[in-house]
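Notes for the one structure printed next.
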DNA sequence: CTATCGTATCGAACGTCGTTCGGTAGTCGA
DNA sequence: TCGACTACCGAACGACGTTCGATACGATAG
């Protein structure tokens, strides 16, 4: 009795693609790996997606849909900036949990409707500040630029050793800090001034402090 | 008479790699293309770099060296934040002029000493605000996160049509704006509120306005 | 001038990737 | 029972990063 042909669906294709990205990072997502996971042939995937770019766009938008759901579910407070802050932190957390997200999220394409909805949602919170269109547009651009940019930066994959559990993040950071300490204090006064902060810092704290800076600037503008 | 063997150097390898990246984008930088340009064989390049990652790191650091030179050459004013602003704008301009820079700059590695020097240079300007180490560290992280993140976002390669000169950036932006206008104003009030600002906007203005927000927040903190 | 040796170069091959093509199994209405 | 349409897939293609062993070159020593 011959083996039955496999049967896929857009849903399963995207779900499994996301699973691979989450488990093994963006380099591991190949059509062959995905086909293997789906128990089918490589070419079958091309019935659902035109190319890898579209696969990544759909995978990205799929998880952004979830993030948007979480964000939108939260009730609004009376302070728009506080709401914006909450949303920004949630977005940041989602991106650092999935380092592969950042790079593809930067590509605003037609194939990412949920990204557009998220943009709209954040924009509505900025609108409540009653700034003119120009300032409103710029304010949201600044916040999103900061969030995505910082997440992309901080969310980079640490070297393989950390991933494989041979080294902790703290040791990795500590070795970097050590190199800072060994540099010439004459040439690198700043590195020495902040090295103790750098060593053992938490990415989330760093992000949060910077976000406060952006939002403080925004509040200043809104109150003017 | 047999053709002579080609003769390379680290300098020429990196210079030509940067030339390819500038002329045709990061997808065009292959070992074969680079070898062809150098008039030699593919394997020769491996005598200078261990792998493609190192090639990209060296290329990135090479141009960051130039950027750092330009930035450091400017004289300091009496206002640290104004100096920081000037440096940030110069860095932003450099990255948007070379969209491929952003992605590789995010990867803080040992092989990018100039990136570390740039970090130090910007840090020294923040130090002049006399904030404690923790706040100083966070402030620089925020500024850099914003600059690189926004540059990476805005500096994305537009679709092929624009690159090939078949469409102008304005038309491309306009078509996007058109889609915003066609969306339901009930569901997308924000898009409609800012669409006129979006249509025909200049990336540099958008960046500059957002940077002002961040720096206003920083100034607020410094004056406290 | 010749022999030697480390340096630098290169042709050819390997395995993997995204993508394409032609064909075929499965399903369903007529 | 029969086509026709949908969904699937094996096999191949060209391009990529990378490796290996061979070899040309330039400097040095005899």
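Residue numbers (our numbering), protein chains in the order written: chain Y, 158 to 381; chain P, 158 to 381.
C-beta: ideal position from N, C-alpha, C; glycine also.
Under a CB-based cut-off of 9 Å, is residue i close to chain P?
i: residue 158 of chain Y; result: With a pLDDT of only 36 at residue 158 of chain Y, under the threshold of 50, the placement of this residue in the model should not be trusted; the figure read from the coordinates follows. No, no contact with chain P.
i: residue 302 of chain Y; result: yes
i: residue 268 of chain Y; result: no
i: residue 343 of chain Y; result: no
i: residue 247 of chain Y; result: no
i: residue 291 of chain Y; result: yes
i: residue 359 of chain Y; result: no
i: residue 164 of chain Y; result: no
Any C-beta of chain Y sitting closer than 9 Å to the C-beta of residue i?
i: residue 224 of chain P; result: no
i: residue 173 of chain P; result: no
i: residue 324 of chain P; result: no
i: residue 264 of chain P; result: yes
i: residue 310 of chain P; result: yes
i: residue 276 of chain P; result: yes
i: residue 244 of chain P; result: no
i: residue 183 of chain P; result: no
i: residue 283 of chain P; result: yes
i: residue 201 of chain P; result: no
i: residue 260 of chain P; result: yes
i: residue 378 of chain P; result: yes
Is it true that the CB of residue j sits closer than 9 Å to the CB of residue i?
i: residue 202 of chain Y; j: residue 195 of chain Y; result: yes
i: residue 333 of chain P; j: residue 347 of chain P; result: no
i: residue 299 of chain P; j: residue 307 of chain Y; result: yes
i: residue 228 of chain P; j: residue 262 of chain P; result: no
i: residue 368 of chain P; j: residue 276 of chain P; result: no
i: residue 220 of chain P; j: residue 255 of chain P; result: yes
i: residue 171 of chain P; j: residue 215 of chain P; result: yes
i: residue 351 of chain P; j: residue 294 of chain Y; result: yes
i: residue 296 of chain Y; j: residue 297 of chain P; result: no
i: residue 268 of chain Y; j: residue 378 of chain Y; result: no
i: residue 218 of chain P; j: residue 272 of chain P; result: yes
i: residue 373 of chain Y; j: residue 374 of chain P; result: yes
Give the residues of chain Y in contact with residue i, contact being defined as C-beta atoms less than 8 Å apart.
i: residue 216 of chain P; result: Simply none; closest approach about 18 Å.
Taking C-beta pairs closer than 7 Å, name the residues in chain Y that residue i reaches, listed in chain order.
i: residue 298 of chain P; result: 363, 367
i: residue 375 of chain P; result: 370
i: residue 354 of chain P; result: 290, 291, 294
So with CB distances below 8 Å, who are the chain P contacts of residue i?
i: residue 280 of chain Y; result: 347, 348, 350, 351
Give me the residue from the options with the minimum Cα distance to residue i.
i: residue 358 of chain P; options: P:223, P:326, P:215; result: P:326
i: residue 253 of chain Y; options: Y:313, Y:167, Y:271; result: Y:313
i: residue 247 of chain Y; options: Y:235, Y:260, Y:231; result: Y:231
i: residue 279 of chain Y; options: Y:189, Y:180, Y:244; result: Y:244
i: residue 310 of chain P; options: Y:270, Y:264, Y:176; result: Y:264
i: residue 174 of chain P; options: P:211, P:345, P:259, P:381; result: P:211
i: residue 235 of chain Y; options: Y:188, Y:223, Y:286; result: Y:286
i: residue 343 of chain P; options: Y:209, Y:180, Y:274; result: Y:274
i: residue 257 of chain Y; options: Y:198, Y:177, Y:197; result: Y:177
i: residue 250 of chain Y; options: Y:364, Y:377, Y:374; result: Y:364
i: residue 188 of chain Y; options: Y:375, Y:272, Y:198; result: Y:198
i: residue 335 of chain P; options: P:353, P:323, P:324, P:184; result: P:353
i: residue 237 of chain P; options: P:281, P:292, P:374; result: P:281
i: residue 209 of chain Y; options: Y:290, Y:272, Y:166, Y:184; result: Y:184
i: residue 204 of chain P; options: P:339, P:166, P:193; result: P:166
i: residue 223 of chain Y; options: Y:380, Y:290, Y:270, Y:301; result: Y:270
i: residue 169 of chain P; options: P:233, P:186, P:191, P:362; result: P:191
Can you name the residues of chain P whose CB is closer than 7 Å to the CB of residue i?
i: residue 307 of chain Y; result: 302, 306
Counting only runs that start and end within the stretch 287-326 of chain Y, where is the alpha helix (DSSP H) found for 4 or more residues in a row? 290-311, 317-320
Counting only runs that start and end within the stretch 217-269 of chain Y, where is the alpha helix (DSSP H) found for 4 or more residues in a row? 237-254, 256-262
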